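One structure is given here, and the rest of the page talks about it.
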Amino acid sequence: MPFWGLRTKTTPSPASSDLCNQCHQKPVYIEPDGSRHPYCGRACAKKAQGTAPSACVLRGCRATGKPAFSYFCSDEHGKQAVSLGQAQGCEICRELPRATGDLCLACDRKFPGVRLKELPSSSAAFRDLRTQFIAEWDGLNPAPPKVDKIFQICTPRDIRARHDAYRSKQRAAREIRMFHSAQCICDLGTKGPILCDFKSCGICMVVKSSFHEFAFGEKYNEGRFGPGIYSYRNPSLADAHATSATTTPYRVMLVCDASVSSGVPDLQSLFLPNADAIVPAFIFMYSF
29 MPFWGLRTKT TPSPASSDLC NQCHQKPVYI EPDGSRHPYC GRACAKKAQG TAPSACVLRG
89 CRATGKPAFS YFCSDEHGKQ AVSLGQAQGC EICRELPRAT GDLCLACDRK FPGVRLKELP
149 SSSAAFRDLR TQFIAEWDGL NPAPPKVDKI FQICTPRDIR ARHDAYRSKQ RAAREIRMFH
209 SAQCICDLGT KGPILCDFKS CGICMVVKSS FHEFAFGEKY NEGRFGPGIY SYRNPSLADA
269 HATSATTTPY RVMLVCDASV SSGVPDLQSL FLPNADAIVP AFIFMYSF
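In this text, residue positions in the sequence shown follow our numbering: the first is 29, and each later residue adds one.
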């Protein structure tokens, strides 16, 4: 896999260790006694176990859990788990358990496409992501930027499935956190978590297509290694490509999850020829 970069950086990545090992988007579940789980909830824990038959996620039920019911034996047991507080409810219907991001399987099918969700600045996920962003920032200006807002990108199931399929074909694949930026001609972040429809907006086009389309309908970025996707471990390098509209106080950057083989070193920059190798996970709005 092509890559480039002159320096390595071994700064710890707190957000990586505090996010779910399965969906890589939500914080891990923490018990009242402080013990940490590797996953954000039961649904992701079941997904990580593979396809081997297992019991219904509802406590006390010994029937076989089914992927069609988010690893409960039926929709009724899924609803019971939500009402009993054993599973988080869908953000839309509030009845069925979450399966894809914040939605249940049924609502995910009814409302396709990318959705954005603003992370509260007081949340653990916001603090961890901000810490990682500042820790990785290594620019000429010694003062790192201020992280003003973070939007979580709720990726459609088909996009996530393509990424998982790509990762499964890689030799000893691993996920790394990368940063990508481009021109943002809209006032993203000033009117809530809403993407624009301008074809010339490099940020919104990438988020909506998950790197399958860039500004002006281009299919790739052009760079030193030819057409593909260029991202950076150091966000200050990605910032060099950020262009903001005059109607917003923010600069905008994407935080992405890239799947690479074990042979790729931890360099500052990464080139990927395949859009399925990388998915946008968060949008950062920041200022100096």
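Just so it is clear, CB atoms sit at the ideal spot from N, CA and C, and this is done for glycine as well. The structure presented is a predicted model; accordingly, all values stated were derived computationally and were not measured.
Could you tell me if N249 is buried or exposed, where buried requires 16 or more neighbouring beta carbons within 10 angstroms of its beta carbon? buried
Going by DSSP, what residue range makes up the alpha helix (DSSP H) through P338? Lying outside 29 to 316, the shown extent of the chain, residue 338 is not represented and no answer is given.
Taking one C-beta from the region 201 to 214 and one from the region 230 to 246 each time, how about it: are there three or more such pairs within less than 8 Å? yes
Spatially closest choice to G88 from A96, V288 and F100, by CA coordinates: F100
Please report the distance separating the alpha-carbon of I222 from that of D130. 17 Å
Distance, Cα to Cα, C48 vs A200? 19 Å
Alpha carbon to alpha carbon, how far is R252 from L298? Give it in angstroms, no decimals. 11 Å
C-alpha distance - Q116 paired with I204, whole-angstrom precision: 27 Å
Given 8 Å, three or more beta-carbon pairs between the region 270 to 278 and the region 155 to 169: no
Under 8 Å between C-beta atoms of C84 and H105: yes
Would DSSP call K219 helix, strand or coil? coil
Does the Cβ of D318 have 16 or more other Cβ atoms within 10 Å, making it buried, or fewer, making it exposed? Residue 318 cannot be examined here, being either before or after the span of the chain that is shown, 29 to 316.
First and last residue of the uninterrupted beta strand (DSSP E) at F207: R202 to H208
Cutoff 7 Å; reference R143; Cβ partners in own chain excluding five residues on either side: C182
Whole beta strand (DSSP E) elements within the region 220 to 285, 3-residue minimum: 249 to 251 and 254 to 260
Can you find a C-beta in chain B that's less than 8 Å from the C-beta of L131? Reference to chain B is not applicable here, since this structure consists of a single protein chain.
For D61, I'd like the list of residues in its chain whose CB is within less than 7 Å of its CB, leaving aside the five on either flank, ordered along the chain. With a pLDDT of 49 at D61, under the threshold of 50, the modelled position of that residue is not reliable, and the figure given next carries that caveat. Nothing listed; no residue qualifies.
Helix, strand or coil, according to DSSP, for K138 in the structure here? helix
If you draw a straight line from the alpha carbon of K54 to that of E246, how long is it in whole angstroms? 31 Å
By DSSP's criteria, F299 is part of a beta bridge. Which residues make up the other side? Y258
N-terminal and C-terminal residue of the beta strand (DSSP E) that E146 is part of: R143 to E146
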